[in-house]
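Here's the structure we're looking at; comments come further down.
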Amino acid sequence: MSSIDDMPTGQRRIKVERRLNPNASWTLAMYMIATLFGFGLTALLIWTSGADVLKAFMTLFDGAFGSQKAWIASLAKATPLILTGLATIVAFRAQVWSIGQEGQVYSGAMGAYLACLVFAGLPVGIYLSLIILSGMIAGAGLGIIAAILKTRFGVNEIISTVMMNYLIVFLLSYLIGGGPWTEVSSSVVYQQSARIPDAAHLPYLFGTTKLHIAFVFALIAAVFCYVMLEKTPLGYEIRAMGFNPVALAHRGTNIGRTMIIVMAISGAIAGLAGVSEIFGTSHRVRVDTLYGFGFTGIIIGMIGGLRPLGAVIAGIFFGGLETGALYMKLLAKVPAAIVPAMEGILLLTFLIAGVAARYKIVRVNTND
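Heads up: the sequence shown runs through residues -11 to 356, numbered per this note's numbering.
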């Protein structure tokens, strides 16, 4: 019997298959190669700008993880990235291709800010609890809308979530850009809300002015996602829905109900990311403050192998890069444009590595 390699070229085709059990060593090797390649391209960019490459990288890593202060700043930056990465994992493990994490972050911030206005004057513990809960409900609500559009009307979730991202950003832009939430001072209109009262600030950890309790929430959310996905009947349904939704439906599982639950959980976690950034860091609502967390979170989830622990590690790594990049720009005199370029290069190379780790290219026989 002839092998595939012995067959005429016309009888072979290339096929991409998912690895059922990705090899840990292969996965680690892919990410190491991606790291070297990404930093190599970044070094080339820095060199062409005329800056000192070695000094730039030393400043980058020292600013990210070189001291307790650096670690605190990096973990604070990582908090919303971990949360949006976890939101991505919940949806993508069910093969629900939601791109709505960005809008859900904005929605969570808006819901929390509305609660901040409505429930002002309540005891601090109740006040903060209602703010956080309202933000999560607002994020979940946006996810549920996309799920209903998919299950009841057949609207593709990619299209619906992308469209809702735009709608939510436009709505927030109106609310703080001349609408009822706009800060007005001495007849000057600012594109932001008034400063959030101190009673609504998320408590800081370890007496710092950077790292707040939302980082603990992010770790709790990671544990919750792991237990839910790996140890519960709902997690089994989510994983089965990702592998073979038709077979799951034949077992009598209500796929529509499961999808709504998935999108509600995913949206709630993304909404919490919006709450963490507004009530833990910026303390006022601005459009640019929230920009990019949802989209970056999608990549964080993918880089983490759609595993909660992976999202935590990837989130901390890229949170550190964001912190260290600021030091690199200021102290190593690296041009400002190189910083986002470096982050984009590393995100892209890590994403490619993740795909290479989970998929393989095979040659198969065609029966033409």
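For every residue, glycine included, the Cβ atom is placed at its ideal position computed from N, Cα and C.
Anticipated Cβ contact below 8 Å, residue i with residue j, distance rounded
{"i": "Thr284", "j": "Ala22", "result": "16 Å between Cβ atoms; not a contact."}
{"i": "Leu121", "j": "Ala210", "result": "Actually they are not in contact, since the Cβ atoms of Leu121 and Ala210 sit about 20 Å apart, beyond 8 Å."}
{"i": "Leu0", "j": "Arg346", "result": "What sits at residue 0 in the sequence shown is Arg, not Leu. In fact, because the Cβ distance is near 23 Å, the residues do not count as touching under 8 Å."}
{"i": "Ala97", "j": "Ile266", "result": "5 Å"}
{"i": "Ile288", "j": "Gly312", "result": "Between Gly312 and Ile288 the Cβ distance is about 17 Å, and since that is not below 8 Å, they are no contact."}
{"i": "Met229", "j": "Leu236", "result": "6 Å"}
Reduced DSSP secondary structure (H/G/I, E/B, other) of residue i
{"i": "Lys198", "result": "coil"}
{"i": "Ile340", "result": "helix"}
{"i": "Lys348", "result": "strand"}
{"i": "Val273", "result": "coil"}
{"i": "Glu265", "result": "helix"}
{"i": "Val143", "result": "coil"}
{"i": "Ile208", "result": "helix"}
{"i": "Ser181", "result": "coil"}
{"i": "Met(-11)", "result": "In this prediction, Met(-11) scores a pLDDT of 43, lower than 50, which makes its location untrustworthy; no coordinate-derived value is stated."}
{"i": "Arg295", "result": "coil"}
{"i": "Lys43", "result": "helix"}
{"i": "Ser37", "result": "helix"}
{"i": "Tyr19", "result": "helix"}
{"i": "Ser254", "result": "helix"}
{"i": "Ser62", "result": "helix"}
{"i": "Ser173", "result": "strand"}
{"i": "Val322", "result": "coil"}
{"i": "Tyr192", "result": "strand"}
{"i": "Arg0", "result": "strand"}
Pick from the options that is closest to residue i, judged by C-alpha positions
{"i": "Gly332", "options": "Val300, Gly280, Leu319 and Ala344", "result": "Gly280"}
{"i": "Ile253", "options": "Phe212, Ala202, Gln56 and Gly342", "result": "Phe212"}
{"i": "Arg376", "options": "Leu278, Ile349 and Ala79", "result": "Nothing can be reported for residue 376: it is not among the residues displayed for the chain, which extend from -11 to 356."}
{"i": "Thr76", "options": "Thr67, Ala66 and Ile87", "result": "Ile87"}
{"i": "Pro328", "options": "Gly292, Ala128 and Leu33", "result": "Leu33"}
{"i": "Val163", "options": "Val273, Ala325 and Met46", "result": "A small correction: the amino acid at residue 163 is Leu; Val does not occupy that position in the sequence shown. The residue with the shortest Cα to Cα distance from Leu163 is Val273."}
{"i": "Ile300", "options": "Tyr224, Lys65 and Val172", "result": "Ile is not the amino acid found at residue 300; the sequence shown has Val there. It is Lys65."}
{"i": "Ser37", "options": "Gly342, Val350, Ile349 and Val322", "result": "Val322"}
{"i": "Tyr115", "options": "Glu171, Thr72, Ala100 and Ala261", "result": "Ala100"}
{"i": "Leu217", "options": "Ala61, Met98, Val250 and Gly96", "result": "Val250"}
{"i": "Ala258", "options": "Glu90, Thr241, Phe27 and Thr246", "result": "Glu90"}
{"i": "Ser95", "options": "Val204, Gly262 and Met18", "result": "Gly262"}
{"i": "Pro191", "options": "Ile184, Thr220, His200 and Gly165", "result": "His200"}
{"i": "Leu319", "options": "Val41, Gly26 and Met18", "result": "Val41"}
{"i": "Leu8", "options": "Leu159, Ala39, Gly293 and Lys57", "result": "Gly293"}
Through-space distance from residue j to residue i, alpha-carbon basis
{"i": "Phe107", "j": "Leu118", "result": "8 Å"}
{"i": "Ala31", "j": "Ala44", "result": "9 Å"}
{"i": "Thr149", "j": "Ala187", "result": "33 Å"}
{"i": "Asp276", "j": "Val215", "result": "34 Å"}
{"i": "Phe305", "j": "Ala52", "result": "9 Å"}
{"i": "Val84", "j": "Ile70", "result": "19 Å"}
{"i": "Asp50", "j": "Pro68", "result": "22 Å"}
{"i": "Ala61", "j": "Ala134", "result": "34 Å"}
{"i": "Ala12", "j": "Gly255", "result": "30 Å"}
{"i": "Met151", "j": "Thr139", "result": "17 Å"}
{"i": "Leu335", "j": "Pro111", "result": "43 Å"}
{"i": "Ile291", "j": "Gly307", "result": "14 Å"}
{"i": "Asn232", "j": "Leu207", "result": "30 Å"}
{"i": "Thr241", "j": "Leu222", "result": "11 Å"}
{"i": "Ser55", "j": "Phe203", "result": "18 Å"}
Interface flag, residue i vs chain C, CB-CB below 9 Å
{"i": "Pro191", "result": "Looking for chain C here will not work: only one protein chain is present."}
4 or more residues per run - each alpha helix (DSSP H) lying fully within the stretch 82 to 161: Scanning the stretch 82 to 161 for uninterrupted alpha helix (DSSP H) segments of 4 residues or longer gives 89 to 106 and 112 to 141, listed from N- to C-terminal end.
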